[in-house]
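Number of protein chains: 2
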Amino acid sequence: MTERKSRKDAARNREAVLAAADALFARCESPAEVTMADVASAAGVGKGTLFRAFGDRAGLLRALYEARLEPIRQAVEAGPPPLGPATPPQDRVPALLDAVLCFKLDNRRLALALEESGSGSPYQAEHYEQWHGLLQAMLEQIPGLTDTDFTAHALLAATRADLVEHLTGGERVPRERMRAQLANFATRVLGLGPLQA
Amino acid sequence: MTERKSRKDAARNREAVLAAADALFARCESPAEVTMADVASAAGVGKGTLFRAFGDRAGLLRALYEARLEPIRQAVEAGPPPLGPATPPQDRVPALLDAVLCFKLDNRRLALALEESGSGSPYQAEHYEQWHGLLQAMLEQIPGLTDTDFTAHALLAATRADLVEHLTGGERVPRERMRAQLANFATRVLGLGPLQA
DNA sequence: TGACGATACGGACCAAGGGTCCGGTTCGCA
DNA sequence: TGCGAACCGGACCCTTGGTCCGTATCGTCA
């Protein structure tokens, strides 16, 4: 491990900040109304501590996001089917998209905060690169598909946090229905046989 | 006309502000680095004037966007094929998507500014509602398609400004290639016959 | 044309929030 | 137990969106 041991008060504070931020983003309506000062005071910590630990607001969001994302990443990299690597692409692509969608559904506020307030476009984020790369590699193995780079982007775009938020919050689309619609859409894009209702 | 006559200095200033903002957003790298004060001074106008004319930053962006969008809207509502209403849906859907994509390509910075800095999600914007509604109505007329609401969202998501920006700016995808890829993607989603390279 | 009410102008001003700084404290190792 | 390093935290700074009000301009009516 290259990680230098840190003082335990520092580690404790880092955890406190993560927990507090998590709670605040979950509680609040719009991520914009959670200020860094709020997070600091909720964690019982000074702003200096917060910024030293995470660099800036985007850093805090990223750290939270990555922590939440870890289980899914594990399941994708070395888990059981249909997410794991042993699954044929035709089934794994929809499974991956479904996992991403469910993640966004379960972490609406957080994903929203990261995508909108995160410095620059979400396309520069490391985890996006990973999802896109993986998805593209899977698409590449499906015969008859071209433009896998663009197709991967387009499929992932259907799971954008603000779209998900709009569908659930504004149009009141239930979770299961949305998952079915995305699966249907993916199936159609993959061009697998005649789609059924 | 319900529009009350305004004083001509007001009208002149409004135009000056629009022109200045247009130029600034086109010139600058990221829309975030164009401040309201910049726009005001570039237009030779005070901040008060600017805010009275447009309400807030989002209002200015919207006004600019709408002005740019007008020609396309016209072409869609009552123009020649393939954009006009006389075109069969199978051809009109790709045409519409292509038009939207070209618009985003031609107005990258502006669209980016509106989508990211525009108050709230871009899904609350009036023009998005219009595009989505129109697209959905067209999809509805294509036999064999279900989930037209979601499908319309997903197709439009493939033309999001930050994705377009990422593809052109980061991945250096040429304009024509991108248009072809989107057309291909749309075709596949519409489920029309076997797709060719 | 002169005067007057209404409207617009514009820059000083305000508030909020992200990010920085540094004196004081705590930690952990010898 | 002593000491240097690391950390703490809140006061402070600065940018930026947005407001306010005294002043200038417009347009109309006599």
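Quick note, the sequences are listed as chains A and B, same order.
Residue 1 is where the first sequence starts when you use full-length UniProt numbering, and the numbers rise one by one after that.
Residue 1 is where the second sequence starts when you use full-length UniProt numbering, and the numbers rise one by one after that.
Glycine included, C-beta positions come from ideal geometry on N, C-alpha and C.
These numbers come from a predicted model, not from an experiment.
Cβ pair residue i, residue j closer than 8 Å
i, j, result
"A:L97", "A:L145", "no"
"B:L139", "B:V93", "yes"
"A:E66", "A:H132", "no"
"A:L110", "A:L60", "no"
"B:T148", "B:Q130", "no"
"A:R179", "A:L101", "yes"
"B:R57", "B:N107", "no"
"A:V34", "A:L24", "yes"
"A:D91", "A:P85", "no"
"B:A53", "B:A20", "no"
"A:A157", "B:A10", "no"
"A:L134", "A:P31", "no"
Nearest-angstrom beta carbon gap, residue j and residue i [assumed within contact, 8 Å]
i, j, result
"B:H166", "A:S117", "B:H166 to A:S117, Cβ: 18 Å. No contact."
"B:N161", "B:K104", "According to the sequence shown, residue 161 of chain B is Ala rather than Asn. Right, their Cβ atoms sit about 5 Å apart."
"B:A95", "B:T87", "7 Å"
"B:T151", "B:V189", "7 Å"
"A:Q141", "A:P89", "5 Å"
_Touch test, the stretch 165–182 of chain B against the stretch 58–76 of chain B, Cβ-Cβ under 8 Å, three pairs minimum_ = With a cut-off of 8 Å, the stretch 58–76 of chain B and the stretch 165–182 of chain B do not count as touching, because too few Cβ pairs lie within range.
_Stretch pair the stretch 35–42 of chain B + the stretch 122–141 of chain B: three plus CB contacts closer than 8 Å_ = no
_To test your reading of the DSSP string, which unbroken alpha helix (DSSP H) runs of 4 or more residues are found completely within the stretch 126–186 of chain A?_
Segments of the alpha helix (DSSP H) lying fully in the stretch 126–186 of chain A: 126–140, 148–157, 161–165.
*Taking one C-beta from the stretch 7–26 of chain B and one from the stretch 181–189 of chain A each time, how about it: are there three or more such pairs within less than 8 Å?*
Taking 8 Å as the limit for Cβ pairs, the verdict is that the stretch 181–189 of chain A does not touch the stretch 7–26 of chain B.
_Threshold first: 4 residues or longer. Then list the alpha helix (DSSP H) segments lying entirely within the stretch 53–86 of chain B, N to C._
Listed in chain order, the complete alpha helix (DSSP H) runs (minimum 4 residues) inside the stretch 53–86 of chain B are 57–78.
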